[in-house]
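A short write-up of the structure that comes next.
Residue numbers (this note's numbering), protein chains in the order written: chain E, 1 to 195; chain Z, 196 to 390.
Put into structure tokens, the structure is as follows:
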């Protein structure tokens, strides 16, 4: 039996961070494989007429989110350092993830990128992304060159277009079979759906 | 020791419905008293520049919400019938709740009003609100007259102004001491905070 859960996320999404670090252990308990699906939230928000994160557009919600994140990280035992720049530019990190395809190092790459942003308050710029690749013993220069290719740019655009087609409106979003679940708070429900 | 949780809600808010029917039993387990705080979301949304519910403004999110509500109600064992009119007009029901003050029948009144809207798909109009009052052996005519008084109209406006001052941006919202929690998914965390 091949059970899987699709995990759609943007590296700049703070609530996706909460999942990225928890999902593999939880999925394993349900005997489910995690399909990591990085995409870009920016174009999704633009389609709603927003030029940035709703946490910036809606000030009260934004203030609350930072408070909520600190509590959630404490609850889950995750490190947390609010990033000075929010949302960060996640484009390069996402292209590298697309360039990785289904490489076995992709999940660990994703976790480390999320930690950079939300536990260390560091930019997802080229030196930092390259450093993560090096830690994983993946040749940074090779991967960065692929990440910058037309093919990968197109693949990321295609991935994001798929997100819109599947009615994704935020991140994280999970698919368990044909059922869609939105938000960190629904990860357990999504896994229950598979079981 | 006097432990309490404030439960801020709008009768038209579907996610508030999920709490209204669960909160007393959960709070009792934590030895906490529930302070029912009806207010109006409409003026809060207007202050954000929205003329209706975000579930109508953001189509994809709205579609998802109906699916999510059906699943959540199944999870909690709550009755569920999607209302034909959404969001309903919750003004009269809210004024009656304000007129009730801290009357012992207020929690049961709130639950029955929520059930009318989300389990029976019935309007919160005067005959239906009066019928709920009758079921609770509260004289409908007396209560409705108070509900329509200038004093109660002002009290509801004041309550909603307080919501804005306290940076409430949606419903349900809970206060456990000075900590604010937003959304049905945070009820357990809010109660944990009190404990």
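All C-beta atoms, glycine included, are put in the ideal place defined by N, C-alpha and C.
Predicted model, so just to flag it, every value in this text is computed and none were measured.
What residues of chain E sit near residue i, judged by a beta carbon separation below 8 angstroms?
i: residue 375 of chain Z; result: 64 and 67
Using the beta-carbon of each residue, which ones in chain E are nearer than 7 angstroms to residue i?
i: residue 380 of chain Z; result: 185
Please list the terminal residues of the continuous beta strand (DSSP E) segment that includes residue i.
i: residue 199 of chain Z; result: 198-204
Along the alpha helix (DSSP H) that carries residue i, what are the first and last residues, could you check?
i: residue 213 of chain Z; result: 209-215
i: residue 91 of chain E; result: 91-100
Just to make sure I have the definition right: I need the residues of chain B whose C-beta is within less than 9 angstroms of the C-beta of residue i. Which are they?
i: residue 58 of chain E; result: Here the protein chains are E and Z, and chain B is not one of them.
Between the options, which lies nearest to residue i when the distance is taken from Cα to Cα?
i: residue 279 of chain Z; options: Z/376, Z/330, Z/316 and Z/220; result: Z/316
i: residue 176 of chain E; options: E/194, E/186 and E/165; result: E/194
i: residue 129 of chain E; options: E/95, E/119, E/150 and E/161; result: E/95
i: residue 82 of chain E; options: E/54, E/65, E/31 and E/109; result: E/65
i: residue 387 of chain Z; options: Z/215, Z/338 and Z/226; result: Z/226
i: residue 70 of chain E; options: Z/254, Z/295 and Z/375; result: Z/375
i: residue 160 of chain E; options: E/24, E/41 and E/178; result: E/41
i: residue 268 of chain Z; options: Z/314, Z/307, Z/351 and Z/349; result: Z/314
i: residue 58 of chain E; options: Z/309, Z/249 and Z/272; result: Z/249
i: residue 211 of chain Z; options: Z/234, Z/349 and Z/328; result: Z/234
i: residue 216 of chain Z; options: Z/307, Z/341, Z/339 and Z/350; result: Z/307
i: residue 320 of chain Z; options: Z/338, Z/329, Z/383 and Z/288; result: Z/288
i: residue 142 of chain E; options: E/8, E/190 and E/99; result: E/99
i: residue 327 of chain Z; options: Z/340, Z/305, Z/345 and Z/348; result: Z/305
i: residue 357 of chain Z; options: Z/218, Z/224 and Z/239; result: Z/239
i: residue 76 of chain E; options: E/26, E/61 and E/63; result: E/26
i: residue 213 of chain Z; options: Z/255, Z/257, Z/312 and Z/223; result: Z/312
i: residue 274 of chain Z; options: Z/310, Z/258 and Z/247; result: Z/310
i: residue 165 of chain E; options: Z/255, Z/203 and Z/219; result: Z/255
i: residue 178 of chain E; options: E/184, E/185 and E/190; result: E/190
i: residue 201 of chain E; options: E/62, E/29 and E/8; result: No answer is possible for residue 201 of chain E: it lies beyond the span of chain E, which begins at 1 and ends at 195.
i: residue 183 of chain E; options: Z/263, Z/224, Z/219 and Z/218; result: Z/263
Can you pull the chain Z residues whose beta carbon is under 8 angstroms from the beta carbon of residue i, in chain order?
i: residue 189 of chain E; result: 266 and 270
Which chain Z residues are close to residue i, counting only those with a beta carbon under 7 angstroms from its beta carbon?
i: residue 61 of chain E; result: 364
Beta carbon of residue i: closer than 7 angstroms to some heavy atom of the ligand ADP?
i: residue 301 of chain Z; result: You won't find the ligand ADP in this model; it holds no ligand whatsoever.
Could you pull out every unbroken alpha helix (DSSP H) segment of at least 4 residues lying fully inside the stretch 218-254 of chain Z, listed in chain order? 218-224, 236-242 and 249-252
Please give me, in chain order, every unbroken run of the beta strand (DSSP E) with length at least 3 that falls completely inside the stretch 314-388 of chain Z. Complete beta strand (DSSP E) runs here, min 3: 368-371 and 374-377.
Contact between the stretch 278-287 of chain Z and the stretch 203-211 of chain Z (3+ Cβ pairs under 8 angstroms): yes
Would you be able to state if there are at least three C-beta pairs under 8 angstroms between the stretch 132-151 of chain E and the stretch 89-105 of chain E? yes
Evaluate contact between the stretch 222-232 of chain Z and the stretch 197-204 of chain Z, counting only Cβ atoms and requiring at least three cross-stretch pairs below 8 angstroms. The stretch 222-232 of chain Z is in contact with the stretch 197-204 of chain Z.
Should the stretch 239-252 of chain Z be regarded as contacting the stretch 356-368 of chain Z, the criterion being three or more beta carbon pairs within less than 8 angstroms? yes
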